[in-house]
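Student: From first to last, the protein sequence lines stand for chains A and B. For the first sequence, the working numbering assigns the number 1 to the initial residue and increments by one for each residue that follows. For the second sequence, the working numbering assigns the number 1001 to the initial residue and increments by one for each residue that follows.
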Amino acid sequence: MISTGFSRRQALTVMGGAALSLTLHPTRAAAQTIAFDELYGKISVLGLTFSDKVLALKGERVAMRGFMAPPLKAEADFFVLTEIPMALCPFCSSDADWPDDIIVVYLDRAQTFEQANGIIEVSGTLEVGSWTDPETGFVSLLRIVGANFSAV
Amino acid sequence: MRGLLAILTATTVLATSMTASATTIFPLDRATILTSSPFDVKVEFDGVVSADDVSVTVNGKPAAEALGKDVRFIEREDGVEASAVRIDGVLIAEPGTYTVVAKAGAEEKSVTWEVYGTPETAQAKNVIFLIADGLSVAHRTAARIMSKGMTEGKANGRLNMDDLDRMAFIGTSSTEAVATDSANTMSAYMTGHKTAVNALGVYADRTKDSLDDPKFETLVEALRRQTGKSVGIVTTSELQDATPAALFAHTRRRADKAEINTMIYDLKPEVILGGGSAYFLPQATPGSKRKDDIDHIKLYQDAGYTFATTAGELAAASGSNTGKLLGLFHTGNLDTTLDREFLKKGTVDKFPEQPGLVAMTEAALGQLAKNAEGFVLVVEAANVDKMSHPLDWDRAVVDTIEFDKAVGVAREFAEKNPDTLIVVTGDHTHGVSIIGTVDDEKEGMDMREKVGTYADAGFPNYVDENGDGYPDRVDVSRRLFLAANNGPDHYETFRPKLDGPFVPAIQDENKKYIANEAYKDVPGAVLVEGNIPRDGDTGVHAVDDVVLQATGPGSERFKGYMEQSDVYRVIAETLALGVKQTQ
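1. Residues in the same chain with beta-carbon distance under 6 Å from Tyr1300(B), minus the five sequence neighbours each way, listed in chain order, please.
2. Please go through the same chain and pick out, in chain order, the residues whose beta-carbon is closer than 8 Å to the beta-carbon of Gln1283(B), but skip the five residues on each side of it.
3. Comparing C-alpha positions only, which one of Asn117(A), Thr112(A), Phe138(A) sits nearest to Val104(A)?
4. Which residues of chain A have a Cβ atom closer than 7 Å to the Cβ of Gln1301(B), listed in chain order?
5. Does the segment 1071–1087 of chain B come within contact of the segment 1041–1058 of chain B, defined as at least 3 CB pairs closer than 8 Å?
6. How long is the line joining the alpha carbons of Pro1352(B) and Phe1216(B), rounded to whole angstroms?
7. Using 8 Å as the limit for Cβ to Cβ distance, is Ala1284(B) near chain A?
8. DSSP three-state label for Asp1472(B), please.
9. Could you check where the beta strand (DSSP E) with Ile1128(B) kicks off and where it finishes?
10. Can you tell which of Arg1479(B), Val1423(B), Asp1205(B) has its C-alpha closest to the C-alpha of Ala1407(B)?
11. How far does the alpha helix (DSSP H) with Gly1312(B) in it extend, from its first residue to its last?
12. With burial defined as no fewer than 16 other Cβ atoms inside 10 Å of the residue's Cβ, what is the status of Leu22(A): buried or exposed?
13. Pull out every residue of the segment 44–56 of chain A whose Cβ sits closer than 9 Å to any Cβ of chain B, in chain order.
14. Does chain E have any CB closer than 8 Å to the CB of Ala1249(B)?
15. What did DSSP end up calling His1428(B) once you bin it into helix, strand or coil?
16. Glu1529(B) versus chain A: which residues are under 7 Å apart at the beta carbon?
17. I'd like to check one pair, Ser1477(B) with Asp1521(B): are the Cβ atoms closer than 8 Å?
18. Would you please verify whether the beta carbon of His1330(B) is less than 8 Å from any beta carbon of chain A?
19. Counting only beta-carbon separations shorter than 8 Å, does Asp133(A) have a partner in chain B?
20. Just to confirm, is the Cβ distance from Asp101(A) to Phe149(A) under 8 Å?
21. Under the assumption that Ala1410(B) contacts Asp1399(B) (Cβ atoms under 8 Å), give the Cβ distance between them as a whole number of angstroms.
22. Could you tell me whether the segment 1163–1175 of chain B touches the segment 1550–1567 of chain B, using the rule of 3 or more Cβ pairs below 8 Å?
23. Closer than 8 Å, CB to CB, is Ile34(A) near chain B or not?
24. Could you check where the beta strand (DSSP E) with Ala1168(B) kicks off and where it finishes?
25. In three-state DSSP terms, what is Met1360(B)?
26. Do the CB positions of His1490(B) and Ser1182(B) come within less than 8 Å of each other?
27. At 8 Å on the CB atoms, spell out the chain B contacts of Ser130(A), in chain order.
28. Taking only three categories from DSSP, how would you classify Gln1301(B)?
29. Alpha carbon to alpha carbon, what distance is there between Ala1457(B) and Gln1581(B)?
30. Buried or exposed: which applies to Thr1112(B), given that a residue is buried once 16 or more other Cβ atoms fall within 10 Å of its Cβ?
31. What's the call for Asp1535(B), buried or exposed, on a 16-neighbour Cβ count within 10 Å?
32. Using a Cβ distance threshold of 8 Å, determine whether the segment 1061–1074 of chain B contacts the segment 1147–1154 of chain B, with at least three qualifying pairs required.
33. Which bits of chain B does Asp100(A) rub up against, with CB to CB less than 7 Å?
34. Taking Cβ positions only, does Ile144(A) come closer than 8 Å to chain B?
35. Listing by chain order, which chain A residues have their CB less than 9 Å from the CB of Ile1025(B)?
36. Could you tell me if Gly1192(B) is buried or exposed, where buried requires 16 or more neighbouring beta carbons within 10 angstroms of its beta carbon?
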């Protein structure tokens, strides 16, 4: 369902294309795709370790597919991306109730909520490491920032 | 104009008289309180009053004199335009009836508490309290039929819980509503006080702070105060979840899980087995859900606990003689029995070596039985509830079978140790019933027409060839049909969810839950329109009574209808918790 990544040749081609369009869309760079099952190298009772792929893509442009968990408002600049549709609203309950394999997405501008039943693709810069949102107190380990998304 | 003034005056008078009845006193009226167990008293006046106008009396004497504690007047509570009185850490040694009257000008409120003592001698040395979260009659019946089978209307075998000697119907309602949750219900069992939805070990006051509400003693605190008994908690949920937390915690908000984990550590139960390791890890560790740098696993290890993270390590730890055991088998909730043992779905790929409730109960009893003073063990089958919410009845029922096997382990222990009281119960019920079967062999594609009711239901064809007590598969051709009486919009597939736990509904852009379309294309699926408010994500708890069963010394105290808070009194009397048993 979710592409596991470009081949090196494809990536180079795409990167070339991105470089070419850089003058037109300065915020866009080539995005490497990453899937939910590629986020963690090891998941155990004693904690998680990020996968080599996540560590390699830290600070890089990435694209990721998943389901959008409902944000606080229809027009929101951040939301949670999940592997399967979730019945939870992150801001109704605490972040305590979320599974580990989620990604928090910070948009570069507010976008309207996408139907939770549909898959979306998010592109942006991957941030790695624990961070507490000063406004909501929501703690995240992985984030895609400066992001935008579209329905797939 | 004159007429209007007259009406205004009349309204004001009415408002004043209503205000007078709005004062609240905690503990609430009709509270039952164990002698010498500490609790906080709080009076919440409806408005701002003057200290000079306030009086609080207990059986006619000023409260400070009667209770021997400082009476603190708060003119304006934090975030509330009203006054309050607090008397913290009260304990009453003398059994009897205590009437509290609080006055402030025209405001007056009176409550009466019953303070009870216990027999001088304990009737039982040990208590094993087994609770299946959300256990309803349908779960029991389905577990019996699925596990044992049925021929010509008679069960082919009996569950372990079918042969307990005594029973009672338990009323589960909260202090604020007929409806209820796992926090206030388990808290009532474990403290003897009813409280509000989401609250544990406290009455729900009106201030925002979830950790400042008036407290009362938990069972574990009473055991520490009066006895040298060991304490064990075993659960398939996070250890900080409402049910296990109720043994230890004082918070208005069950979601305070990091704080709850600290409260558990403060009481250091000798055996702690379950999920929720995320709340033991310091915040710097990825996967941690703490907001501080405390490493709780290290704290327990330093305190002499044997530590296990897998079923294998748990088995190895059973040989240790420390009498102290910490087993954490998941960062969150453990997977269901159906996923763990049969389907390998859920998070079993990430946590492949989770022990089940039976292995955990055996390990706990092995350690706790080392204490000559006895023990109290609480065992929770959490997934009966966690799978009933999303209407995943196969998972809920298979976990009920596992729960019954844990009841069997407890009964075996009690056969060798007859000074053991066993209590088997749920904390609240779910709106579910078995209405017949679904028979794939019936003609056509329309699944609804394959539902067998009355004589057409026949008997299901589950098979347990290996005799492990579980059906070899749940997706047999003629299976039990369990139906919820409430829920969000969802697709009924009439089939077990073999790919992972059911997610019936998901939220749309208007914050309303809509049917999860992942199940729309299952052949024969029908859209079932919800009947609860559209902001409800899953099925809800029922208000129906819980059936409690018990056996062993003290169990004769269970009978008829009892409030959930009365169950605590039975445990307190059976263990003589009104009496100091340590030097």
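Beta carbons: idealized from backbone N, C-alpha and C, even for Gly. Keep in mind the model is a prediction, meaning the values are calculated, not measured.
Tutor: So, from the listed chains and residues:
1. Reading the second sequence from its first residue, position 300 is the one you call residue 1300(B). Here the set comprises Leu1326.
2. Taking the second sequence and counting its residues from 1, the one referred to as residue 1283(B) is at position 283. Excluding residues within five positions, the ones whose Cβ falls inside 8 Å are Arg1290, Lys1291, Asp1292, Asp1293.
3. Your numbering for residue 104(A) matches position 104 in the first sequence. Comparing Cα-Cα distances from Val104(A) to each of Asn117(A), Thr112(A), Phe138(A), the minimum goes to Phe138(A).
4. Residue mapping note: residue 1301(B) aligns to position 301 of the second sequence, counting from 1. Simply none; closest approach about 12 Å.
5. yes
6. Looking up residue 1352(B) in the second sequence gives position 352. Looking up residue 1216(B) in the second sequence gives position 216. Cα-Cα distance, rounded: 40 Å.
7. As a first step, residue 1284(B) must be located in the second sequence, where it is residue number 284. With 8 Å as the cut-off, Ala1284(B) counts as an interface residue toward chain A.
8. The residue given as residue 1472(B) occupies position 472 in the second sequence. Three-state result, Asp1472(B): coil.
9. Start at 1 with the first residue of the second sequence, and residue 1128(B) comes out as number 128. Under the DSSP assignment, Ile1128(B) falls in the beta strand (DSSP E) whose first and last residues are 1126–1132.
10. Here residue 1407(B) refers to the residue found at position 407 of the second sequence. The displayed chain sequence assigns Val, not Ala, to residue 1407(B). Comparing Cα positions, the closest option is Val1423(B).
11. Numbered from its first residue, the second sequence carries residue 1312(B) at position 312. First-last of the alpha helix (DSSP H) with Gly1312(B): 1311–1317.
12. For this step, residue 22(A) is matched to residue 22 along the first sequence. Reliability of the predicted coordinates at Leu22(A) is poor, the pLDDT of 38 falling under 50, and no value is obtained from them.
13. Ser44, Val45, Leu46, Gly47, Leu48, Thr49, Phe50
14. Note that chain E does not occur in the displayed structure, where the protein chains are A and B.
15. On the second sequence, position 428 is the one that residue 1428(B) refers to. Correct three-state label for His1428(B): coil.
16. To locate residue 1529(B), count along the second sequence from 1; it is residue 529. Under the 7 Å cutoff, chain A gives no residues; its nearest Cβ is about 17 Å from Glu1529(B).
17. On the second sequence, position 521 is the one that residue 1521(B) refers to. On the second sequence, position 477 is the one that residue 1477(B) refers to. With respect to the 8 Å criterion, Asp1521(B) and Ser1477(B) are not classified as neighbours on the basis of their beta carbons.
18. Along the second sequence, read from residue 1 onward, the residue named residue 1330(B) stands at position 330. True, the Cβ-Cβ gap to chain A drops below 8 Å.
19. Against the first sequence, residue 133(A) aligns to sequence position 133. Not one chain B Cβ lies under 8 Å of Asp133(A).
20. Locating residue 101(A) in the first sequence gives position 101, counting from the first residue. Locating residue 149(A) in the first sequence gives position 149, counting from the first residue. Cβ distance not < 8 Å, so Asp101(A) and Phe149(A) don't count as in contact.
21. Taking the second sequence and counting its residues from 1, the one referred to as residue 1410(B) is at position 410. Taking the second sequence and counting its residues from 1, the one referred to as residue 1399(B) is at position 399. Between Asp1399(B) and Ala1410(B) the Cβ distance is about 17 Å, and since that is not below 8 Å, they are no contact.
22. yes
23. The residue labelled residue 34(A) in the question sits at position 34 within the first sequence. No - not a single Cβ of chain B is within 8 Å of the one on Ile34(A).
24. Counted from its first residue, the second sequence places residue 1168(B) at position 168. Looking at the DSSP string, the run of the beta strand (DSSP E) that includes Ala1168(B) is 1166–1171.
25. The residue you call residue 1360(B) lines up with position 360 of the second sequence. If DSSP states are grouped into helix, strand and coil, Met1360(B) belongs with the helices.
26. As a working note, residue 1490(B) is residue 490 in the second sequence. As a working note, residue 1182(B) is residue 182 in the second sequence. No, the Cβ-Cβ distance between His1490(B) and Ser1182(B) is not below 8 Å.
27. For the purposes of this step, residue 130(A) is taken as the residue at position 130 of the first sequence. Near Ser130(A) (Cβ distances below 8 Å), the residues of chain B are Gln1283, Ala1284, Pro1286, Ser1288.
28. The count along the second sequence starts at 1 and reaches residue 1301(B) at position 301. DSSP places Gln1301(B) in helix when its eight states are reduced to three.
29. Start at 1 with the first residue of the second sequence, and residue 1581(B) comes out as number 581. Start at 1 with the first residue of the second sequence, and residue 1457(B) comes out as number 457. Between Gln1581(B) and Ala1457(B), the alpha-carbon positions lie close to 57 Å from each other.
30. By 1-based counting over the second sequence, the position of residue 1112(B) is 112. That one is exposed.
31. In the second sequence, counting from the first residue as 1, residue 1535(B) sits at position 535. By the neighbour-count rule (16 or more Cβ atoms within 10 Å), Asp1535(B) is not buried but exposed.
32. no
33. Indexing the first sequence from 1 puts residue 100(A) at position 100. Under the 7 Å cutoff, chain B gives Gly1287, Thr1331.
34. Start at 1 with the first residue of the first sequence, and residue 144(A) comes out as number 144. Not one chain B Cβ lies under 8 Å of Ile144(A).
35. Numbered from 1 along the second sequence, position 25 holds the residue referred to as residue 1025(B). Residues of chain A passing the Cβ test: none, with the nearest at roughly 31 Å.
36. Walking along the second sequence from the start, residue 1192(B) turns up at place 192. By the beta-carbon neighbour count (other beta carbons within 10 angstroms, threshold 16), Gly1192(B) is buried.
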